[in-house]
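Below is one structure, written out as structure tokens; comments come after it.
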Amino acid sequence: MTKKVVLVVEYNGSEYKGWQAQKFGIPSVQERLEKALSVIANHPVRVVCAGRTDSGVHASAQVVHFETEVERNERAWTIGVNTYLPSDITVVAARYVAEDFHARFSAMSRRYRYVIYTSDFCPAILAKGVTWTYKTLDVSAMKDAAKVFLGTHDFSSFRAIGCQANTPIRTILHFDVQQLGQYIVLDVRANAFLHHMIRNFAGVLISIGAGEKPVAWAKQTLEAKDRTKGGITAPPTGLYFVDAQYPDVFNVPKRPLGPHFLPYVDEPLYALPS
5 MTKKVVLVVE
15 YNGSEYKGWQ
25 AQKFGIPSVQ
35 ERLEKALSVI
45 ANHPVRVVCA
55 GRTDSGVHAS
65 AQVVHFETEV
75 ERNERAWTIG
85 VNTYLPSDIT
95 VVAARYVAED
105 FHARFSAMSR
115 RYRYVIYTSD
125 FCPAILAKGV
135 TWTYKTLDVS
145 AMKDAAKVFL
155 GTHDFSSFRA
165 IGCQANTPIR
175 TILHFDVQQL
185 GQYIVLDVRA
195 NAFLHHMIRN
205 FAGVLISIGA
215 GEKPVAWAKQ
225 TLEAKDRTKG
235 GITAPPTGLY
245 FVDAQYPDVF
255 NVPKRPLGPH
265 FLPYVDEPLY
275 ALPS
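According to this note's numbering, the sequence shown is numbered sequentially starting from 5.
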């Protein structure tokens, strides 16, 4: 009898060409995870994730599912699988779920955090885990600018030229900018995201925070619906997939909001006002 298993996976994407498995010899998180799962399952395993990440992008709580006909306890899908994974990928939770669960299509929203580190000097520790800037950023201005992105909009100005999504329409449910010590964190939840969307948000907000552009530029960029009118695409190093929200009926494991090096912030579930 086929069973469906959901995993929560943490990974450092620095050494991978993104989540998605590619042609032979190109390292990806999916390929490494499938190999490890296949050893424990004793058959080939294919996984589906909640949201694919690009080259150099990380995850503190990526959600994936796979199907298997073998009987294994949940510890085998965590501790056992981790034995066969490299040190920069870890399965942090596993659970059997209903057959109609789907990591991608059952997700009601996805959440990312973009972490900016402000300092006179580029950090030696976490050099590939944050986006560094020597500039002094006005967090209040960045927070005000981010408000314009809330709601349902055409985000053509914030999608990569090669984005393959059928429509640029997306709904931003929550967008906050927080100062946590020397970290400035862009915290974004949406029904789905376009290719490079958050990194392009970050490019605009960093320019506004640095005083290079006015707060009104965020709205002007959004309304232009033209990628050439936007700012730079910020580096992938500061971007983390931190959560996917599912209906409670699926009982998907929940993890503390990451990445774990940030100070813990106890937050309610944010949503657009009705």
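Every residue, glycine too, gets a C-beta built ideally from N, C-alpha and C.
May I have the straight-line CA-CA distance separating R203 from H178, to the nearest angstrom? Going by C-alpha positions, R203 is about 16 Å away from H178.
Around the Cβ of Q168, are there at least 16 other Cβ atoms within 10 angstroms (buried) or fewer (exposed)? Label assigned to Q168: exposed.
Determine the DSSP secondary structure at D92, reduced to helix, strand or coil. D92 sits in coil when the DSSP states are folded into three classes, being neither helix nor strand.
For A149, the first and last residue of its enclosing beta strand (DSSP E): A149 -> not in any beta strand (DSSP E); alpha helix (DSSP H) instead, spanning 143–150.
Between which two residues does the alpha helix (DSSP H) harbouring E14 extend? It is not in any alpha helix (DSSP H) - E14 instead sits in the beta strand (DSSP E) that spans 7–15.
Is W23 helix, strand or coil when you go by DSSP? In this structure, W23 counts as coil in the three-state DSSP scheme.
Measure the alpha-carbon distance for L184 versus P239 and round it to whole angstroms. Distance between the alpha carbons of L184 and P239 is about 20 Å.
Cα-Cα, which of T156, S18, A248 is closest to P260? The candidate whose alpha carbon is nearest that of P260 is A248.
Give the straight-line distance between the Cα atoms of P48 and A194, rounded to the nearest whole angstrom. If I take the Cα positions, the gap works out to 33 Å.
Counting only runs that start and end within the stretch 197–223, where is the alpha helix (DSSP H) found for 4 or more residues in a row? Within the stretch 197–223, the complete alpha helix (DSSP H) segments at least 4 residues long are 201–213, listed from N- to C-terminus.
So is T122 buried or exposed if we call it buried at 16+ other beta carbons inside 10 Å? T122 is buried by the Cβ-count criterion.
Three-state class that DSSP yields for D180 in the structure shown: D180 falls in the strand class under three-state DSSP.
Put D158 into one of helix, strand or coil per three-state DSSP. In the structure shown, D158 falls within a strand segment according to DSSP collapsed to helix, strand and coil.
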